[in-house]
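Under this note's numbering, the first residue of the sequence shown is numbered 26, with each subsequent residue one higher.
Ideal placement from N, C-alpha and C gives every residue a C-beta, glycine not left out.
Report on one structure; see the data block that follows.
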Amino acid sequence: MTGLPPTTLVQKLSTPRAILVFAALLRLALVGVLGNQTFWADTKEYEATALQFLSGHGAQAGNPRAPVYPLFMALGFRLGGIGNYLAIRLLQLVPAVLLVHVSGQLARRIAGGTAQRLTMLALAVSPTVVFTSGMLYPTTIYSLILVSATLGAWELADRPNMRSGVLLGLGVGAGWLTDQVFIAPAAAMLLWLILGLQRVGIPLA
């Protein structure tokens, strides 16, 4: 029984799908290391809001934390039990791997297939990106929404249609509900689209 030729093996390992599998395994290893521990005080604030959602009371007035990540934590607690941070980290693997995929799609749109694979590989192994995927913090979800909204704005500019306009609006709303600082990149996207208003006017509205 003979193995694959070196060139064929490299080609198979450098496909987007293979990179996504590698990214998932690397992040899963990090989850195993971090386990059920917490490391930052902010986590307790998100957790307190998540518990309010689970109790049916919703976020209290004056709460400084945007609701998307506490709702995400609440889902993790619902699936794995209250205080099960490991369940939240495992659930967070989904947006973490999606971030690698969507970033690759954006790179492909900019510069083709080679750029897609290089970008995906860079994000798959980046120490900062890998580490934040295990944090009990909205960084990964925020990044995924930001890259997705950027890709959506480009799609809307190229092919104006109501569906893309609605999806972009939902993306901007989700970003703002994840971290209100999202208003800055959202304003830049909308300004860019407004400059092409003659082409994207109705979907943008």
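Simplified DSSP assignment, three categories, for Asp204: Coil, per DSSP.
Anyone know if the C-beta pair for Leu193 and Ala178 falls short of 7 Å? Against a cut-off of 7 Å, the Cβ pair of Ala178 and Leu193 comes out as a contact.
Within 10 Å of its beta-carbon, does Gln205 have 16 or more other beta-carbons around it, so buried, or fewer, so exposed? Burial call: exposed.
Out of Val155, Tyr110, Thr139 and Asn109, which one is the CA nearest neighbour of Pro120? The candidate whose alpha carbon is nearest that of Pro120 is Val155.
Would you kindly report the start and end of the unbroken alpha helix (DSSP H) that includes Ile16? Beyond the ends of the chain as shown, which are 26 and 230, falls residue 16; an answer cannot be given.
Using the rule of at least 16 other Cβ atoms within 10 Å of the residue's Cβ for burial, across every protein chain shown, is Arg42 buried or exposed? Exposed, by the Cβ-count rule.
Go ahead and pull the three-state DSSP assignment for Ile219. In the displayed model, Ile219 falls within a helix according to three-state DSSP.
Would you say the beta carbon of Gly138 comes nearer than 6 Å to a heavy atom of the ligand FMN? This structure simply doesn't include the ligand FMN, nor any ligand for that matter.
Rounded to whole angstroms, what is the Cα-Cα separation between Asn109 and Val197? Between Asn109 and Val197, the C-alpha separation is close to 30 Å.
Could you give the distance in angstroms between the alpha-carbon of Val93 and the alpha-carbon of Thr203? Each residue's alpha carbon lies about 5 Å from the other.
Less than 6 Å between C-beta atoms, sequence neighbours within five positions excluded: which residues of the same chain meet that for Met214? Within the same chain, Met214 has close Cβ partners Ala178.
For Ile44, which residues of its own chain have a beta-carbon under 6 Å away from its beta-carbon, when the five flanking residues on both sides are left out? So the qualifying residues of the chain are Met145, Leu146 and Ala149.
Unbroken stretches of the alpha helix (DSSP H), 4 residues or longer, contained in the region 57 to 133: Annotation note: the region 57 to 133 contains the following uninterrupted alpha helix (DSSP H) runs of length 4 or greater, listed N- to C-terminal: 66 to 79, 93 to 105 and 110 to 116.
Between the alpha carbons of Leu216 and Gln77, how many angstroms are there, rounded? Going by the C-alpha atoms only, they are around 37 Å apart.
Measure the C-alpha to C-alpha separation of Ser189 and Arg142 and round it to an integer number of angstroms. Taking the straight line joining both Cα atoms gives about 26 Å.
Does DSSP classify Met26 as helix, strand or coil? Bear in mind that the predicted position of Met26 carries a pLDDT of just 43, short of 50, making it unreliable; the figure below should be weighed with that in mind. Residue state, collapsed to three classes: coil.
Anticipated Cβ contact below 8 Å, Leu55 with Ser158, distance rounded: 7 Å between Cβ atoms; contact.
C-beta contact flag for Thr74 and Arg90 at 7 Å: It is a contact, given that the beta carbons lie within the stated cut-off.
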